[in-house]
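Visitor:
In the working numbering, the protein residues as written are 1 to 580.
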């Protein structure tokens, strides 16, 4: 395991030497400067003693597992590598001191204004793995005392931030007993918890890019997802006023900070890669970087067209005009509690450049709407807040978006439509082809195909009972009914299956089950497994595998739908064939 990390300090006010503050056998995460600039707090995993016995796992003792969530996709085993919080001198003059250590995971450290304490988020209760709740804890910056609980409520806390006066702490809270639930901005002061954002009825922890609420005097800045946009709002920390927008527009603001009266943020649109901006005290915005200028000068950009169908936000990206009928790809996002944002998405541009029209939407179950919209995916059998199930309503939504796009643009070819998606999007892809033969081809990627076995062996096993609303132990038939693998005999569409062998969120057995069943039935199925990759392959996998994944997808749909095929140079059945 080579996950070592180094914390360094680099001067920014002129030439100078880089200072190596500390080196750890695990990654260094969430660094935070102390108020006086003399120390840095950070989070890092601490390896158990078993890692010192032998050079590899074959020489080490077995792991003892005594709670759920003992692994994490992209990270590996965490049960014997708990995430602690450390403090180290910023000049590198001393070793890091653990201020919040295992066996529990800690994160989100933030300094008190006097520099004597930090606030962290952790589930430090014996049965914290059963109810998923994390609380806020106060720890001494010198590591002298034990963490002291600041909260003990029915919600889960994350991303804490001390107020300038040191008496209040802002954080994000979530009702983890009912999934999905919106994260809310909450302030804790003198033991009293005040939720500030309930009236917005929007997700206040955008994915990706959730951060702690940002103190700005007596107000708090925070982000929300709204109909495909990611905006920044401001709300009085004492609850004396309603949240108001600060940064809006048809775009996604994915990072924000403030200093000296200037607001700095990163934003992108559907046709522009992310860039750095500032908003001055007079309200004017200025773009500081143009890192994507050379890319945009060299690559054609296809602008999405937005439309709505029964309240569902949807878009269509059309390729350059060719004078003929255009093949179509219906793309479905994962999550399901996420949204297609009004942000740059390279895959849509890649597919449009290959000659496809791309249709996408934010169906029920997505964020960017009210909680009722997201909770529609809960099962009808849920004792609290029942829904229509993981698939039915969302499947109807994406099909309605597809039909509307076909009706709006007669050049789109209804006989050459493919469907694809990853994770939950892969699940809904498999579900759709098990319920309709209207697609000419499908790509089911890192999919959840069997919800019952997913709750048995995912890295978040024990979570899906909160999302579906019933346990697989009490109602296995509910999980089976919503699992497309049990409808595999109805699949006649040619299928491309993509999966990573180290995927812990949707273990590779989810793909194996679908492939074995389709192969036994003699159906048209193509299966690619990526070694040493996890669930995040398409976003953070190795560059070579990401390119090969894109080529596999374009080659597959090119053969079945007639779009342009790439010229493949590696060991692939289409290697060396001329693209068209």
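For glycine and all other residues, C-beta sits at the position ideal for the given N, C-alpha and C. Remember, it's a predicted structure, so these values are computed and weren't measured experimentally.
Kindly confirm or deny that the stretch 464–480 and the stretch 428–444 touch, where touching means at least three C-beta pairs closer than 8 Å.
Guide: Segments in contact, no.
Visitor: Tell me which residue opens and which closes the alpha helix (DSSP H) that residue 477 is part of.
Guide: Its alpha helix (DSSP H) spans residues 476–481.
Visitor: Roughly how many angstroms separate the alpha carbons of residue 198 and residue 204, rounded to a whole number?
Guide: The straight-line gap from Cα to Cα measures roughly 10 Å.
Visitor: Note down the Cα distance separating residue 380 from residue 388, rounded to an integer number of angstroms.
Guide: Their backbone Cα atoms lie some 5 Å apart in a straight line.
Visitor: Quick check on residue 1: buried or exposed, where buried means 16 or more other Cβ atoms within 10 Å of its Cβ?
Guide: At residue 1, the pLDDT of 47 sits below 50, so the modelled position is not reliable and the matter cannot be decided from this model.
Visitor: Let's test the definition: count the other Cβ atoms within 10 Å of the Cβ of residue 377 and tell me whether it reaches 16, buried, or not, exposed.
Guide: Label assigned to residue 377: buried.
Visitor: Apart from the five residues just before and just after residue 479, which ones in its own chain have a Cβ nearer than 6 Å to its Cβ?
Guide: Closer than 6 Å at the Cβ level, and outside the excluded window around residue 479, lie 451, 452, 472.
Visitor: Suppose contacts are defined by Cβ-Cβ distances below 7 Å. Is residue 326 in contact with residue 357 by that definition?
Guide: Yes. Within cutoff.
Visitor: Report, in whole angstroms, the separation of the C-beta atoms of residue 351 and residue 329, which I expect to be a contact under 8 Å.
Guide: So it is a contact: roughly 6 Å between Cβ atoms.
Visitor: Whose CA, out of 84, 402, 143, lies closest to the CA of residue 361?
Guide: Looking at the Cα atoms, 402 is the closest of the given residues.
Visitor: Contact check, residue 72 vs residue 42 under 8 Å by CB: the rounded distance?
Guide: About 18 Å separates the two Cβ atoms, so there is no contact after all.
Visitor: Helix, strand or coil: how does DSSP classify residue 510 here?
Guide: Residue 510: helix per DSSP, three-state reduction.
Visitor: According to DSSP, is residue 505 part of a helix, a strand, or is it coil?
Guide: Residue 505: coil per DSSP, three-state reduction.
Visitor: Below 8 Å on the Cβ atoms is my contact criterion, and I expect residue 221 with residue 213 to pass it. Report the Cβ-Cβ distance as a whole number of Å.
Guide: About 7 Å; that satisfies the 8 Å criterion.
Visitor: Roughly how many angstroms separate the alpha carbons of residue 168 and residue 194, rounded to a whole number?
Guide: One C-alpha to the other measures close to 11 Å.
Visitor: Using three-state DSSP, classify residue 17 as helix, strand or coil.
Guide: Here residue 17 sits in coil by DSSP.
Visitor: Between the Cα of residue 176 and those of 206, 164, 130, spot the shortest distance and give me the residue it belongs to.
Guide: Closest option to residue 176, Cα to Cα, is 130.
Visitor: Count the other CB atoms within 10 Å of the CB of residue 383; is the residue buried (16 or more) or exposed (fewer)?
Guide: So residue 383 ends up on the exposed side.
Visitor: What residue range does the alpha helix (DSSP H) around residue 403 cover?
Guide: 392–408 is the span of the alpha helix (DSSP H), which, as asked, contains residue 403.
Visitor: Comparing alpha-carbon positions, which option in 16, 103, 51, 123 lies nearest residue 25?
Guide: Closest by alpha carbon: 51.
Visitor: What three-state label does DSSP hand residue 353 in the structure shown?
Guide: Residue 353 falls in the helix class under three-state DSSP.
Visitor: Check this for me: beta carbons of residue 137 and residue 154, under 7 Å apart or not?
Guide: No, the pair does not count as a contact, with Cβ atoms beyond the cut-off.
Visitor: Hey, quick one: how far does the beta strand (DSSP E) through residue 173 stretch, first residue to last?
Guide: Start and end: 168–174.
Visitor: What span of residues does the alpha helix (DSSP H) with residue 186 cover, start to end?
Guide: No alpha helix (DSSP H) holds residue 186; the beta strand (DSSP E) holding it covers 184–189.
Visitor: Of the choices 19, 565, 332, 355, whose alpha-carbon is the least far from that of residue 324?
Guide: Answer by Cα proximity: 355.
Visitor: Of the choices 279, 190, 287, 343, whose alpha-carbon is the least far from that of residue 582?
Guide: In the structure as shown, the chain begins at 1 and stops at 580. Residue 582 is therefore absent and cannot be evaluated.
Visitor: If the criterion is Cβ atoms closer than 7 Å, does the pair residue 83 and residue 32 meet it?
Guide: No.
Visitor: Candidates 283, 295, 211, 275: which alpha carbon is nearest residue 289's?
Guide: Residue 275 is the option with its Cα nearest to residue 289.
Visitor: Smallest Cα separation from residue 340: which of 206, 98, 520, 96?
Guide: Among 206, 98, 520, 96, the Cα nearest to that of residue 340 belongs to 206.
Visitor: Out of 132, 127, 104, which has the shortest C-alpha to C-alpha gap to residue 120?
Guide: Minimum Cα distance to residue 120 is reached at 104.
Visitor: Return yes when the Cβ of residue 545 is within less than 7 Å of the Cβ of residue 530, no when it is not.
Guide: Result yes, Cβ atoms of residue 530 and residue 545 sit closer than 7 Å.
Visitor: If residue 363 and residue 398 are in contact, beta carbons under 8 Å, what's the gap, nearest whole angstrom?
Guide: Between residue 398 and residue 363 the Cβ distance is about 5 Å, and since that is below 8 Å, they are a contact.
Visitor: Which residues in the same chain have their Cβ closer than 6 Å to the Cβ of residue 500, if we skip the five residues on either side of it in sequence?
Guide: 530, 533, 534, 537, listed in sequence order.
Visitor: Using DSSP with H/G/I as helix, E/B as strand and the rest coil, what is residue 1?
Guide: Any reading at residue 1 is ruled out, since the residue's pLDDT is 47, under 50, leaving its predicted position unreliable.
Visitor: Have a look at residue 417 and residue 561 and give me their C-alpha separation to the nearest angstrom.
Guide: Distance between the alpha carbons of residue 417 and residue 561: 7 Å.
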